[in-house]
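Visitor: Each number in the working numbering corresponds to the 1-based position in the sequence shown with 4 added. We put the beta carbon where it would ideally sit given N, CA and C, even for glycine. Here you go, one structure.
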Amino acid sequence: MLTWQYFYPDKEVPEGIRLLGLNDIYDLRDRRVRPFEYAVQTFGVNRPTDRIWTQLMNNEVDIKAMVEKGSAILSWVRHRNYRLVRGMGFV
(Lines of atoms letter the chains of each structure in order from A and count residues from 1; the text may use other names and numbers.)
(Lines give C-alpha, C1' and ligand atoms only; values in the text may rest on other atoms or scores of the structure.)
Protein backbone atom coordinates (compact mmCIF):
# COMPACT_ATOMS: atom_id res chain seq x y z
CA MET A 1 0.00 0.00 0.00
CA LEU A 2 3.01 2.24 0.41
CA THR A 3 3.55 2.19 -3.34
CA TRP A 4 -0.06 3.25 -3.93
CA GLN A 5 0.28 6.07 -1.43
CA TYR A 6 3.52 7.19 -3.10
CA PHE A 7 2.16 7.25 -6.66
CA TYR A 8 -1.41 8.32 -5.82
CA PRO A 9 -1.15 10.40 -2.63
CA ASP A 10 -4.53 12.07 -3.20
CA LYS A 11 -6.47 8.89 -4.03
CA GLU A 12 -7.88 6.46 -1.50
CA VAL A 13 -6.46 2.94 -1.73
CA PRO A 14 -8.98 0.73 -3.57
CA GLU A 15 -10.36 -2.09 -1.42
CA GLY A 16 -8.90 -4.86 -3.58
CA ILE A 17 -5.44 -3.30 -3.48
CA ARG A 18 -5.79 -2.88 0.28
CA LEU A 19 -6.70 -6.55 0.76
CA LEU A 20 -3.76 -7.69 -1.37
CA GLY A 21 -1.46 -5.38 0.57
CA LEU A 22 -2.64 -6.85 3.86
CA ASN A 23 -1.92 -10.34 2.53
CA ASP A 24 1.59 -9.23 1.53
CA ILE A 25 2.38 -8.31 5.13
CA TYR A 26 0.48 -11.31 6.50
CA ASP A 27 -2.07 -9.15 8.30
CA LEU A 28 -5.01 -11.55 8.31
CA ARG A 29 -7.26 -9.78 10.80
CA ASP A 30 -9.72 -9.04 8.00
CA ARG A 31 -11.18 -12.47 7.23
CA ARG A 32 -11.55 -11.52 3.55
CA VAL A 33 -7.80 -11.22 2.95
CA ARG A 34 -6.89 -14.87 2.22
CA PRO A 35 -10.00 -15.72 0.21
CA PHE A 36 -9.55 -12.57 -1.88
CA GLU A 37 -5.89 -13.47 -2.51
CA TYR A 38 -6.83 -16.98 -3.65
CA ALA A 39 -9.49 -15.62 -6.00
CA VAL A 40 -7.05 -13.13 -7.54
CA GLN A 41 -4.54 -15.95 -8.08
CA THR A 42 -7.05 -17.69 -10.37
CA PHE A 43 -6.47 -14.92 -12.91
CA GLY A 44 -2.79 -15.82 -13.21
CA VAL A 45 -1.90 -12.21 -12.53
CA ASN A 46 1.77 -12.07 -13.37
CA ARG A 47 1.86 -9.11 -15.76
CA PRO A 48 1.02 -5.51 -14.88
CA THR A 49 -0.89 -5.31 -18.17
CA ASP A 50 -3.41 -7.98 -17.13
CA ARG A 51 -6.97 -6.64 -17.08
CA ILE A 52 -7.53 -7.55 -13.42
CA TRP A 53 -4.96 -4.95 -12.34
CA THR A 54 -6.82 -2.16 -14.12
CA GLN A 55 -10.06 -3.34 -12.53
CA LEU A 56 -8.44 -3.47 -9.09
CA MET A 57 -6.93 -0.01 -9.44
CA ASN A 58 -10.24 1.46 -10.63
CA ASN A 59 -12.20 -0.24 -7.83
CA GLU A 60 -14.23 -2.18 -10.42
CA VAL A 61 -13.90 -5.58 -8.74
CA ASP A 62 -16.82 -7.20 -6.94
CA ILE A 63 -15.04 -7.83 -3.64
CA LYS A 64 -17.86 -9.91 -2.18
CA ALA A 65 -18.00 -12.23 -5.20
CA MET A 66 -14.21 -12.59 -5.19
CA VAL A 67 -14.19 -13.44 -1.48
CA GLU A 68 -16.90 -16.06 -2.05
CA LYS A 69 -14.90 -17.60 -4.90
CA GLY A 70 -11.73 -17.60 -2.82
CA SER A 71 -13.56 -19.10 0.16
CA ALA A 72 -14.67 -22.02 -2.01
CA ILE A 73 -11.08 -22.53 -3.16
CA LEU A 74 -9.75 -22.42 0.40
CA SER A 75 -12.40 -24.89 1.53
CA TRP A 76 -11.28 -27.32 -1.16
CA VAL A 77 -7.59 -26.81 -0.29
CA ARG A 78 -8.24 -27.48 3.40
CA HIS A 79 -10.32 -30.56 2.63
CA ARG A 80 -7.68 -31.89 0.23
CA ASN A 81 -4.88 -31.26 2.74
CA TYR A 82 -6.84 -33.05 5.46
CA ARG A 83 -7.35 -36.07 3.18
CA LEU A 84 -3.67 -36.10 2.20
CA VAL A 85 -2.50 -36.01 5.81
CA ARG A 86 -4.99 -38.69 6.88
CA GLY A 87 -4.05 -40.91 3.94
CA MET A 88 -0.29 -40.45 3.86
CA GLY A 89 0.70 -39.15 7.27
CA PHE A 90 2.24 -41.36 9.88
CA VAL A 91 3.33 -41.09 13.48
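With a cut-off of 8 Å, does the C-beta of L24 fall near any C-beta of chain B?
Guide: Within the model displayed, chain B is absent; a lone protein chain is all it includes.
Visitor: Return yes when the Cβ of L26 is within less than 8 Å of the Cβ of V44, no when it is not.
Guide: Numbered from 1 along the sequence shown, position 40 holds the residue referred to as residue 44. Numbered from 1 along the sequence shown, position 22 holds the residue referred to as residue 26. No; because the gap between Cβ atoms is not below 8 Å, this pair is not in contact.
Visitor: Just the C-alpha distance for W8 and D28, rounded to the nearest angstrom, thanks.
Guide: In the sequence shown, counting from the first residue as 1, residue 8 sits at position 4. In the sequence shown, counting from the first residue as 1, residue 28 sits at position 24. Approximately 14 Å, taken between the alpha carbons.
Visitor: For G91 and I67, I'd like the C-alpha separation in whole angstroms.
Guide: On the sequence shown, residue 91 is found 87 positions in, with the first residue counted as 1. On the sequence shown, residue 67 is found 63 positions in, with the first residue counted as 1. Going by the C-alpha atoms only, they are around 36 Å apart.
Visitor: Can you grab the Cα-Cα spacing for the pair E64 / R22, in whole Å?
Guide: For the purposes of this step, residue 64 is identified with residue 60 of the sequence shown, where counting begins at 1. For the purposes of this step, residue 22 is identified with residue 18 of the sequence shown, where counting begins at 1. E64 and R22: Cα-Cα distance of roughly 14 Å.
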